[in-house]
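Note that my numbering gives residue 662 to position 315 of the sequence shown, counting from 1, and the numbers run on in steps of one. Here a beta-carbon is modelled for each residue, glycine too, at the ideal position from N, C-alpha and C.
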Amino acid sequence: MNSVLLAGALAAALCAAAPARAADAICYNCPPEWADWGSMLKAIKADTGIEVPQDNKNSGQSLTQIIAEKASPVADVAYLGVTFGIKAKEAGVTQAYEPKGFAEIPTGLKDPEGHWFTIHSGTLGLFVNKDALGKTPVPACWSDLLKPEYKGLVGYLDPTSAFVGYVGAVAVNGAMGGTLDDFKPGIAFFKKLQANQPIVPKQTSYARVLSGEIPILFDYDFNAYRARYSDMGNFQFVVPCEGTVVVPYVMTMVKNAPHPEAAKKVLDYVLSDRGQAMWAKAYLRPARAIELPKDVAERFLPAADYARAKPVDYAKMEQAQKGFAEAYLNEVK
Numbered sequence: 348m349n350s351v352l353l354a355g356a357l358a359a360a361l362c363a364a365a366p367a368r369a370a371d372a373i374c375y376n377c378p379p380e381w382a383d384w385g386s387m388l389k390a391i392k393a394d395t396g397i398e399v400p401q402d403n404k405n406s407g408q409s410l411t412q413i414i415a416e417k418a419s420p421v422a423d424v425a426y427l428g429v430t431f432g433i434k435a436k437e438a439g440v441t442q443a444y445e446p447k448g449f450a451e452i453p454t455g456l457k458d459p460e461g462h463w464f465t466i467h468s469g470t471l472g473l474f475v476n477k478d479a480l481g482k483t484p485v486p487a488c489w490s491d492l493l494k495p496e497y498k499g500l501v502g503y504l505d506p507t508s509a510f511v512g513y514v515g516a517v518a519v520n521g522a523m524g525g526t527l528d529d530f531k532p533g534i535a536f537f538k539k540l541q542a543n544q545p546i547v548p549k550q551t552s553y554a555r556v557l558s559g560e561i562p563i564l565f566d567y568d569f570n571a572y573r574a575r576y577s578d579m580g581n582f583q584f585v586v587p588c589e590g591t592v593v594v595p596y597v598m599t600m601v602k603n604a605p606h607p608e609a610a611k612k613v614l615d616y617v618l619s620d621r622g623q624a625m626w627a628k629a630y631l632r633p634a635r636a637i638e639l640p641k642d643v644a645e646r647f648l649p650a651a652d653y654a655r656a657k658p659v660d661y662a663k664m665e666q667a668q669k670g671f672a673e674a675y676l677n678e679v680k
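Put into structure tokens, the structure is as follows:
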């Protein structure tokens, strides 16, 4: 009996003392179904030997947890919407690092010191399930969505909690004549849209568009292309006629990361030629000016459509987020 107890105690002690493998790195917000992180994590493991577990947090949840763990960090790197990358630096939870290829990222799409940097970008528009629309025409403009024929057919992520939801609000507001100093046109649009009973989930809703539960969703081009060309469905992406925004997604190294060398290798990889090409195959615009594979380039909408998509002052967009959320909660919900 004593020998059994001793063996059990020894095993427990060994398990408790065993550190994470040196090759491992922890990424917050690397969900396999978003931006094809599933394939990227497999490629990182195959090419570098570093195993990065999948993680389904969103940007806000990731930043909240990183701040909570500031005294004893768990994450090594994080993938965030650009405004959350800016917030992370302001919160003092990032560590400057310039991966290989950092110099090739355009100014404005990276922190000058390397606290965050773009790895790819998406264009916000309308992700449409044409079969679910039936005889209702595919909308061409944001304003079309206010027509009675789209009642119950439109969805957007909650702009007070989900980053893509806030991006949609910024896009609509700009298209309606607003600015990052004046969200009144956007608020007015959402108030009018309530008459059409929109579906407003809090989490990524790719599967709900595929199933037809949400026929039209404010979402990124890469999700619509993935649905059409990878999931082989009758889907379409629309860059609304009034215009929209381009939004970068960024990565950051967490301050005092527990596995700093592995973290740096992961960040080097996602910005490498191979990593950037993988993002392109997932229908994301690479941060570096690599040549898109021909079969991928042909699947994007024409350049004339993308000309309606513009960048914004992302730092100012971050600063305006709280004020917009308050206005939305007070006037729309």
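Query: Between the C-alpha atoms of Val429 and Lys436, what's the straight-line distance to the nearest angstrom?; Result: 11 angstroms
Query: So, are the CB atoms of Lys392 and Glu398 less than 7 angstroms apart?; Result: yes
Query: Can you grab the Cα-Cα spacing for the pair Ala522 / Lys417, in whole Å?; Result: 39 angstroms
Query: On the CB-based measure, 16 or more other CB atoms within 10 Å of its CB, does Ile452 come out buried or exposed?; Result: buried
Query: CB-CB under 8 angstroms to Leu676, same chain, minus the five flanking residues each way: which ones, in chain order?; Result: Thr507
Query: Glu496: buried (16+ other C-beta within 10 angstroms of its C-beta) or exposed?; Result: exposed
Query: Applying the 10 Å Cβ sphere with the 16-neighbour rule, what's the burial state of Met579?; Result: exposed
Query: Using beta-carbon positions only, say whether Ala610 and Met598 come within less than 7 angstroms of one another.; Result: no
Query: For Tyr661, I'd like the list of residues in its chain whose CB is within less than 6 angstroms of its CB, leaving aside the five on either flank, ordered along the chain.; Result: Val429
Query: Whose C-alpha, out of Leu540, Phe510 and Lys447, is nearest the C-alpha of Tyr616?; Result: Lys447
Query: Since Tyr375 sits in a beta bridge, which residues does DSSP pair it with?; Result: Ala425
Query: Can you tell me the Cβ-Cβ gap for Gly499 and Gln544, rounded? I've got them flagged as a contact below 8 angstroms.; Result: 5 angstroms
Query: Identify every run of the alpha helix (DSSP H) within the region 446-504, keeping only runs that are complete inside it and at least 4 residues long; order them along the chain.; Result: 477-480
Query: On the criterion of 16 or more Cβ atoms from any shown chain inside 10 Å, does Met664 qualify as buried, or is it exposed?; Result: buried
Query: Considering only residues of the region 550-635, which uninterrupted beta strand (DSSP E) runs meet the minimum length of 3 residues and lie entirely inside it, listed in chain order?; Result: 563-567, 582-585 and 591-601
Query: Given 8 angstroms as the limit, is there contact between the region 456-469 and the region 529-541, that is, 3 or more CB pairs closer than that?; Result: no
Query: Rank Tyr653, Glu560, Arg655 and Ala535 by C-alpha distance to the C-alpha of Phe671 and give the top, closest one.; Result: Ala535
Query: Kindly indicate the opening and closing residues of the alpha helix (DSSP H) around Gly533.; Result: Lys531 to Leu540
Query: How many angstroms separate the CA atom of Ala319 from the CA atom of Leu618?; Result: Summary: the structure shown does not reach residue 319, with the chain confined to residues 348 through 680, and so no result is reported for it.
Query: Would you tell me roughly how many angstroms separate the C-alpha atoms of Leu557 and Glu380, rounded to the nearest one?; Result: 13 angstroms
Query: Between the C-alpha atoms of Val501 and Pro562, what's the straight-line distance to the nearest angstrom?; Result: 6 angstroms
Query: Does the distance from the CB of Phe682 to the CB of Leu410 come in under 7 angstroms?; Result: As shown, the chain starts at 348 and ends at 680. That puts residue 682 outside it, with no answer to give.
Query: Taking the straight line between their C-alpha atoms, what separation do you get for Pro649 and Val585?; Result: 11 angstroms
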